[in-house]
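Residue numbering for the sequence shown is 1 to 357, as defined by our numbering.
Glycine is no exception: its CB is placed at the ideal position from the N, C-alpha and C atoms.
Nothing here was measured: the structure is a model prediction, and the numbers come from that model.
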Amino acid sequence: MTACSKEKPVTNIVKSDFGVLADGSKADLYTLTNANGMEVKVTNYGGAITSWTAPDKDGKYANIALGYETVEDYVAGSPYFGAIIGRYGNRIAGGKFTLGDSTYQLPLNDGPNSLHGGEKGFDKVLWTATPADGEEPQLKLSYLAKDGEQGYPGNLQVTVTYTLQKDNSLKIDYEATTDKETVVNLTNHTYFNLAGGGAITDHVLTLDADRFLPVSETLIPTGERRAVAGTVFDFTRATRIGDGIGAGDEQIRFGKGYDHCWVFTDSSTTLKPVGRVSDPKSGREMEVLTTEPAIQFYSGNFMTGEYKGKGGRSYPYRTGFCLETQHYPDSPNQPSFPSTLLKPGETYTSTTVYRFL
Ligand code: GLA
1 MTACSKEKPV
11 TNIVKSDFGV
21 LADGSKADLY
31 TLTNANGMEV
41 KVTNYGGAIT
51 SWTAPDKDGK
61 YANIALGYET
71 VEDYVAGSPY
81 FGAIIGRYGN
91 RIAGGKFTLG
101 DSTYQLPLND
111 GPNSLHGGEK
121 GFDKVLWTAT
131 PADGEEPQLK
141 LSYLAKDGEQ
151 GYPGNLQVTV
161 TYTLQKDNSL
171 KIDYEATTDK
181 ETVVNLTNHT
191 YFNLAGGGAI
201 TDHVLTLDAD
211 RFLPVSETLI
221 PTGERRAVAG
231 TVFDFTRATR
241 IGDGIGAGDE
251 QIRFGKGYDH
261 CWVFTDSSTT
271 LKPVGRVSDP
281 KSGREMEVLT
291 TEPAIQFYSG
301 NFMTGEYKGK
311 GGRSYPYRTG
321 FCLETQHYPD
331 SPNQPSFPST
341 LLKPGETYTS
351 TTVYRFL
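Okay, here's the thing in C-alpha cells:
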C-alpha cells in the first residue's frame, strides 16, 4: 500500500534577479535544468538565452552559448546574443515594403537597410514570462508588439516557448497573430561555440541545403538561388568552417565571411533535421531541426572584441557562430520568395530544435 505520498516537488526551473533597466523595470533570469544536468538560462529581456551547458565526449558539461551575466551588459551592447529576433529576422531592403495600398518605412539600423526588427526589436523588450516546472521545464514568453511599433503594421501578439527536453534538446516554439496584414519572420540569435571558447573555425558543419542566396554588398539577397555545388558554400557534406571562410569569392567578401541564407533541399514545413555541427576536439555535436525553409549561417564576422561583460567575459572576432532558422531575408520585397505575410485570423507558427548528441 502506498502511504499518503506527497508529490515530490520538482524544481527544474528557478527564477532569479537579472538586473534593472533604465526605466526601473526589473529583468529576471530563469534557469532550466533536466535530469542529465543540462542547464539553460533565459532572461525575459529580449527572451535571450544567456548560457547553455552541453556535455563533451567524456560527459563534462560546459557553457556553449555566448552571453552576459546581467541585463545592464545586454543594454550596454550585445550583438543580439541569444535573443529572440523579430518582428522580421534579417534585412529588409531600404527598410521599406508595401502591403496593399500602404507602404511602410522601418528604421534603417544597418546602413541603408532595416535589420532584425529595427532599432528596438524583440531582442530589446521585456517579455512576460510564464514558467512551467516538470521533467521538461518550459518558459513561455509573451509580447504584444503594437500597431506601428518600429514601423510595422498590426498589433502582433507573439509567444515564444522554450522547452528543455529529456534528450538534451531545446525546443523553441514561436506563435503570432495579428489584427492587420503584416510580415513576420522570427528566429533565435544564439552564438554557439561548442569548444566553450576560442575561434569557431575548427567546427565542422553540415547543412542539408543545395542552394544559398547570393547577396549584394549591403547583404540583401539578389533574388538568385544559387547551387552550392562546387563553391565554398557547399556544406552538404561535413566541412570545416575555416576551410572556405577566407576564400577570395565575392560573396565571402560581401559577408566578410559566412553571413548568408541557405535554402534547405527539403522544402517541407514539417519538423525535419536540417544540419549538424560538431567540435572535433571536445566531441560536442549538435543537430538542428526546423519547420522553416532556410537558415542564416553567420560566422561572427562583425565581432570585434568590444563586446565585454562585467563578469570579464569578452568575445573577440569569430568566437561564436549563429544558425538562425528562418524565412529568407527581404521576402516582403521579393515575390518569388516564400511568403512572410500574416493576415488577421491566421496563426504564424514555427518550431526549431537544437539537440545535443
Ligand atoms: C545577422 C546578420 C549579420 C549580423 C548579425 C548580428 O546574422 O545577418 O549580418 O548583423 O546578425 O551582428
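**OP:** Tell me whether ASN185 sits in a helix, a strand or coil according to DSSP, three-state version.
**Re:** Within the sequence shown, the letter at position 185 stands for residue 185. Looking at ASN185 - three-state DSSP - the assignment turns out to be strand.
Original post:
How would you label VAL212, buried or exposed, when you count the other beta carbons within 10 angstroms and need 16 or more for buried?
Top reply: Your numbering for residue 212 matches position 212 in the sequence shown. Looking at the sequence shown, residue 212 is not Val but Phe. Looking at its Cβ environment, which holds 16 or more other Cβ atoms inside 10 Å, PHE212 is buried.
Subject >> Alpha-carbon to alpha-carbon, PRO332 and SER339 >> reply: Working through the sequence shown from its first residue, we reach residue 339 at position 339. Working through the sequence shown from its first residue, we reach residue 332 at position 332. Cα-Cα distance, rounded: 7 Å.
Subject >> First and last residue of the uninterrupted alpha helix (DSSP H) at ILE252 >> reply: For the purposes of this step, residue 252 is taken as the residue at position 252 of the sequence shown. That run of the alpha helix (DSSP H) goes 250 to 255.
Subject >> Rounded C-alpha distance that separates THR190 from ILE92 >> reply: The sequence position of residue 190 within the sequence shown is 190, counting from 1. The sequence position of residue 92 within the sequence shown is 92, counting from 1. Each residue's Cα considered, the two are about 21 Å apart.
**OP:** Inspect the CB distances between the segment 72 to 83 and the segment 43 to 54 and report whether three or more fall short of 8 Å.
**Re:** yes
Original post:
With a CB to CB cut of under 7 Å and the five nearest residues on each side skipped, what residues in its chain are close to GLU72?
Top reply: Walking along the sequence shown from the start, residue 72 turns up at place 72. Cβ within range, chain order: GLY19.
Subject >> the segment 288 to 301 in contact with the segment 344 to 354 per 3-pair CB rule at 8 Å >> reply: yes
**OP:** Could you spell out where the alpha helix (DSSP H) holding VAL232 opens and where it closes?
**Re:** The residue labelled residue 232 in the question sits at position 232 within the sequence shown. Here VAL232 belongs to no alpha helix (DSSP H), and DSSP marks it neither H nor E.
Original post:
Do GLU217 and the ligand GLA come close, with the Cβ less than 7 Å from some heavy atom?
Top reply: Stepping through the sequence shown from its first residue, residue 217 is reached at position 217. False, no ligand heavy atom lies under 7 Å from that Cβ.
Original post:
Do GLN326 and ASN90 have their C-beta atoms within less than 8 Å of each other?
Top reply: Numbered from its first residue, the sequence shown carries residue 326 at position 326. Numbered from its first residue, the sequence shown carries residue 90 at position 90. In this structure, ASN90 lies closer than 8 Å to GLN326 by Cβ.
Subject >> Local conformation of MET1 per DSSP, three classes >> reply: Position 1 of the sequence shown, counted from the start, is the residue given in the question as residue 1. Summary for MET1: the model assigns pLDDT 42, below 50, so the residue's position carries little reliability, and this model does not support an answer.
**OP:** Give the DSSP-derived three-state secondary structure of ASN113 in the structure shown.
**Re:** As a position in the sequence shown, residue 113 is number 113, starting the count at 1. Here ASN113 sits in strand by DSSP.
Subject >> Straight-line gap, ILE220 to ASP279 (C-alpha atoms, nearest Å) >> reply: Here residue 220 corresponds to residue number 220 of the sequence shown, with the count starting at 1. Here residue 279 corresponds to residue number 279 of the sequence shown, with the count starting at 1. Taking the straight line from one Cα to the other gives about 31 Å.
Original post:
With DSSP run on the structure shown, which of helix, strand or coil describes VAL75?
Top reply: The residue given as residue 75 occupies position 75 in the sequence shown. In the structure shown, VAL75 sits in a helix (DSSP, three-state: H, G or I).
Original post:
Is ASN333 helix, strand or coil when you go by DSSP?
Top reply: Position 333 of the sequence shown, counted from the first residue, corresponds to residue 333. Three-state result, ASN333: helix.
**OP:** Report the rounded CA-to-CA distance for LEU205 versus VAL215, giving the unit in angstroms.
**Re:** Translated into the one-based positions of the sequence shown, residue 205 becomes position 205. Translated into the one-based positions of the sequence shown, residue 215 becomes position 215. Each residue's alpha carbon lies about 21 Å from the other.
Original post:
To the nearest whole angstrom, what separates the beta carbons of ASP208 and THR236, a pair I think is in contact under 8 Å?
Top reply: Position 208 of the sequence shown holds residue 208. Position 236 of the sequence shown holds residue 236. The Cβ separation is near 7 Å, so the contact holds.
**OP:** Check each candidate in ASP23, HIS203, LYS281, VAL183 and name the one with the smallest Cα separation from GLN105.
**Re:** Counted from its first residue, the sequence shown places residue 105 at position 105. With distances taken between Cα atoms, GLN105 lies closest to VAL183.
Original post:
Within the present structure, is the beta-carbon of PHE302 separated from the nearest heavy atom of the ligand GLA by less than 7 Å?
Top reply: In the sequence shown, residue 302 corresponds to position 302, counting from 1. Yes, the beta carbon of PHE302 sits closer than 7 Å to at least one heavy atom of the ligand GLA.
**OP:** Return yes when the C-beta of ASN34 is under 7 Å from any heavy atom of the ligand GLA, and no when it is not.
**Re:** Locating residue 34 in the sequence shown gives position 34, counting from the first residue. False, no ligand heavy atom lies under 7 Å from that Cβ.
Original post:
How about the segment 152 to 169 and the segment 119 to 137: do they share at least three Cβ pairs that are nearer than 8 Å?
Top reply: yes
Original post:
By a C-beta neighbour count over all protein chains shown, 10 Å radius and 16 as the cutoff for buried, is PHE321 buried or exposed?
Top reply: The count along the sequence shown starts at 1 and reaches residue 321 at position 321. Classification for PHE321: buried.
Original post:
By how many angstroms is the C-alpha of ASP23 removed from the C-alpha of THR268?
Top reply: For the purposes of this step, residue 268 is identified with residue 268 of the sequence shown, where counting begins at 1. For the purposes of this step, residue 23 is identified with residue 23 of the sequence shown, where counting begins at 1. Reading the sequence as shown, one finds Ser at residue 268 and not Thr. Distance between the alpha carbons of SER268 and ASP23: 44 Å.
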